[in-house]
Amino acid sequence: AALNAGADMVGFVFFSPSPRHLSLETARTLSAQVGGRALKVALSVDADDALLDGIVAALAPDWLQLHGRETPERVSAIKARFGLPVMKALHISTRDDLAAIPAYDGVADRLMFDAKPPKGALLPGGNGAAFDWTILENLSLQAPWMLSGGLGPDNVGEALRITRAPGVDVSSGVERAPGVKDEGLIADFVARARAAVALLSLGSAANPA
Ligand SMILES: O=C(O)c1ccccc1NCC(=O)[C@H](O)[C@H](O)COP(=O)(O)O
Numbered sequence: 312a313a314l315n316a317g318a319d320m321v322g323f324v325f326f327s328p329s330p331r332h333l334s335l336e337t338a339r340t341l342s343a344q345v346g347g348r349a350l351k352v353a354l355s356v357d358a359d360d361a362l363l364d365g366i367v368a369a370l371a372p373d374w375l376q377l378h379g380r381e382t383p384e385r386v387s388a389i390k391a392r393f394g395l396p397v398m399k400a401l402h403i404s405t406r407d408d409l410a411a412i413p414a415y416d417g418v419a420d421r422l423m424f425d426a427k428p429p430k431g432a433l434l435p436g437g438n439g440a441a442f443d444w445t446i447l448e449n450l451s452l453q454a455p456w457m458l459s460g461g462l463g464p465d466n467v468g469e470a471l472r473i474t475r476a477p478g479v480d481v482s483s484g485v486e487r488a489p490g491v492k493d494e495g496l497i498a499d500f501v502a503r504a505r506a507a508v509a510l511l512s513l514g515s516a517a518n519p520a
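Quick note on numbering: the sequence shown equals residues 312 to 520 in my numbering.
Now the structure itself:
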């Protein structure tokens with residue numbers, strides 16, 4: 312569905328507590344379907360080298376997305392070991408959280424600003440929680456970045472208008488139940504993101520998917 316909708320990137324979750332978690336076998340099968348139509352992103356949470364070895368062998372990802380407490384040093388080590396670009400997710404709730412950015416800017420190949428998980432949440436992402444997007448207004452970074460957290464077809468245009476994010480990421484906002492993606496919502500999300508990019512003249516640097 313994501314490929315048909317024209318997503319630039321498709322994400323594969325490797326985190327066993329998640330309803331979106333994939334086995335390596337399933338990832339291998341899904342990977343073959345991508346066929347170069349989108350970039351494959353492997354999402355992990357504080358994965359060790361052995362797990363990342365397995366993920367890279369099964370999925371042959373174009374990107375590694377790190378969603379745990381990986382330090383800048385760990386990001387560098389993963390980049391060096393796998394020779395793949397790394398996207399580091401950082402949790403944002405208040406302006407104070409922007410203080411974490413400089414240590415990763417220029418180390419990670421891309422940053423992803425996601426909402427801080429709600430209290431008691433079992434997952435570090437994919438919670439459908441949004442944050443105050445005005446925190447990111449006028450952000451100036453070396454690394455390209457993406458916005459995520461609580462996005463969906465109805466608010467992605469507004470999120471892009473406020474943040475002018477060079478990319479957006481969605482999970483539960485295009486699901487009909489936890490872990491069950493909805494083809495119509497996916498198509499709607501990509502169409503609305505692309506329409507906002509065109510309207511705002513964000514140009515080809517934008518990467519909404
Ligand atoms: O989606 C998951 O299950 C997940 C599990 C563990 C770490 C991260 C996870 N998702 C991260 C994402 O990339 C989500 O797209 C991002 O957090 C936004 O999620 P949502 O608010 O549900 O759109």
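We treat Cβ as the ideally placed atom computed from N, Cα and C, and that holds for glycine.
{"Check": "Using the three-state DSSP reduction, which class does residue 330 fall into: helix, strand or coil?", "Outcome": "coil"}
{"Check": "Counting only the same chain and skipping the five closest in sequence on each side, list residues whose C-beta sits under 6 Å from that of residue 427.", "Outcome": "402 and 404"}
{"Check": "Closest by CA to residue 452, which one among 474, 463 and 438?", "Outcome": "474"}
{"Check": "Taking DSSP's pairing of strands, which residues face residue 406 in a bridge?", "Outcome": "Paired residues: none, contrary to the question."}
{"Check": "Does residue 518 pass the burial test, meaning 16 or more other C-beta atoms within 10 Å, or should it be called exposed?", "Outcome": "Because the pLDDT at residue 518 is just 45, under 50, the model does not fix this residue reliably, and the point stays unresolved."}
{"Check": "Indicate the three-state DSSP secondary structure (helix, strand or coil) for residue 478 in the structure shown.", "Outcome": "strand"}
{"Check": "Mind reading off the beta-carbon distance from residue 323 to residue 356? Whole number of angstroms is fine, and I expect it under 8 Å.", "Outcome": "Residue 323 to residue 356, Cβ: 13 Å. No contact."}
{"Check": "Is there at least one non-hydrogen atom of ligand 1 closer than 7 Å to the beta-carbon of residue 329?", "Outcome": "yes"}
{"Check": "Would residue 448 be called buried (16 or more neighbouring beta carbons within 10 Å of its own) or exposed?", "Outcome": "exposed"}
{"Check": "Roughly how many angstroms separate the alpha carbons of residue 326 and residue 511, rounded to a whole number?", "Outcome": "36 Å"}
{"Check": "Less than 8 Å between the C-beta atoms of residue 354 and residue 319, yes or no?", "Outcome": "no"}
{"Check": "Which residues does DSSP list as the beta-bridge partners of residue 421?", "Outcome": "398"}
{"Check": "May I ask which residues mark the beginning and end of the alpha helix (DSSP H) holding residue 503?", "Outcome": "494-510"}
{"Check": "In this structure, how does DSSP classify residue 488 when only helix, strand and coil are distinguished?", "Outcome": "strand"}
{"Check": "Can we say the region 356-375 touches the region 407-417, given the rule of at least three CB pairs closer than 8 Å?", "Outcome": "no"}
{"Check": "Just list the beta strand (DSSP E) runs in the region 439-480, keeping only unbroken ones of 3 residues or longer that don't cross its boundaries, in chain order.", "Outcome": "456-458"}
{"Check": "If residue 490 and residue 330 are in contact, beta carbons under 8 Å, what's the gap, nearest whole angstrom?", "Outcome": "3 Å"}
{"Check": "Starting from residue 324 and walking both ways along the beta strand (DSSP E), at which residues does that stretch end?", "Outcome": "320-325"}
{"Check": "Can you give me the start and stop residues for the alpha helix (DSSP H) that residue 390 sits inside?", "Outcome": "383-393"}
{"Check": "Are the Cβ atoms of residue 507 and residue 481 separated by less than 8 Å?", "Outcome": "no"}
{"Check": "I'd like to confirm something about residue 442: is its beta-carbon nearer than 7 Å to some heavy atom of ligand 1, or not?", "Outcome": "no"}
{"Check": "Spell out the partners DSSP gives residue 376 in its beta bridges.", "Outcome": "354 and 398"}
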